[in-house]
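Residue numbers (the numbering used here): 13 to 207.
Structure record follows, encoded as structure tokens.
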């Protein structure tokens with residue numbers, strides 16, 4: 013089936029599931045209950061898979077102008093989508109320790125947001141989609157980067173095992189992650205309306 017036919021509905025579904033994942037993440041941060049964290053991970057696995065058609069359509073749209081750059085960011089995006097889906101599913105099933113979760117899921121979502129950033133730069137540089145989509149994607153990427161760097165800073169300071177024992181989530185990382193989970197669904201839905 014042509015990815016273009018699936019891109020709009022799957023991208024809006026990804027946006028809705030990303031919003032649900034963000035809400036579940038907020039409840040997890042507020043309660044500390046693993047059940048909410050696992051629900052967030054299940055929603056995250058689903059929204060990652062739903063981004064595949066959009067990644068392929070965006071490649072087709074930007075490959076003529078961006079050339080190798082489009083291939084590189086699409087490869088990064090598809091690898092990140094696969095890693096995010098697998099690591100989120102494994103986390104939802106309770107198969108990853110907090111240390112493994114931090115590495116695999118954190119790394120895959122950092123790469124996923126780098127893809128969002130690369131797509132957004134392409135939107136701004138080459139046109140073809142409204143510039144607001146580019147700016148919104150860069151905002152989501154920046155927020156995800158802040159969350160990732162804060163987690164890395166904490167892990168370097170106290171170690172990954174200590175991170176697992178924190179009784180409350182790190183405020184900056186949690187706030188930036190939650191804000192990214194607001195910007196990202198808006199980016200997906202805006203993208204859907206423009207494809």
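C-beta atoms are modelled at their ideal positions from N, C-alpha and C, and glycine is treated no differently.
Sequence-distant residues of its chain with Cβ nearer than 6 Å to residue i (five each side left out)
{"i": "residue 63", "result": "26, 93"}
Extent of the continuous alpha helix (DSSP H) to which residue i belongs
{"i": "residue 48", "result": "46-62"}
{"i": "residue 87", "result": "80-104"}
{"i": "residue 120", "result": "118-138"}
{"i": "residue 141", "result": "First-last for residue 141: undefined, no H or E at that position."}
{"i": "residue 202", "result": "183-206"}
Residue i, buried or exposed, once every other Cβ within 10 Å from all chains shown has been counted against 16
{"i": "residue 24", "result": "buried"}
{"i": "residue 139", "result": "exposed"}
{"i": "residue 43", "result": "exposed"}
{"i": "residue 153", "result": "buried"}
{"i": "residue 57", "result": "buried"}
{"i": "residue 87", "result": "exposed"}
{"i": "residue 45", "result": "exposed"}
{"i": "residue 134", "result": "buried"}
{"i": "residue 22", "result": "buried"}
{"i": "residue 2", "result": "No answer is possible for residue 2: the residues shown for the chain start at 13 and end at 207."}
Distance between beta carbons of residue j and residue i, contact taken as under 8 Å
{"i": "residue 198", "j": "residue 136", "result": "With a Cβ gap of about 17 Å, residue 198 and residue 136 do not count as contacting."}
{"i": "residue 145", "j": "residue 203", "result": "6 Å"}
{"i": "residue 114", "j": "residue 201", "result": "Contact flag wrong, Cβ pair sits at about 29 Å."}
{"i": "residue 158", "j": "residue 130", "result": "Contact flag wrong, Cβ pair sits at about 18 Å."}
{"i": "residue 155", "j": "residue 191", "result": "5 Å"}
7 Å Cβ shell around residue i - same chain, five flanking residues per side excluded
{"i": "residue 118", "result": "160, 163"}
{"i": "residue 55", "result": "29, 32, 33, 36"}
{"i": "residue 73", "result": "140"}
{"i": "residue 120", "result": "92, 95, 96, 99"}
{"i": "residue 104", "result": "50, 53, 54, 57"}
{"i": "residue 40", "result": "48, 49, 52"}
Beta-carbon proximity list for residue i, same chain, < 8 Å, skipping 5 on both sides
{"i": "residue 19", "result": "65, 66, 68, 69, 204, 207"}
{"i": "residue 83", "result": "71, 75"}
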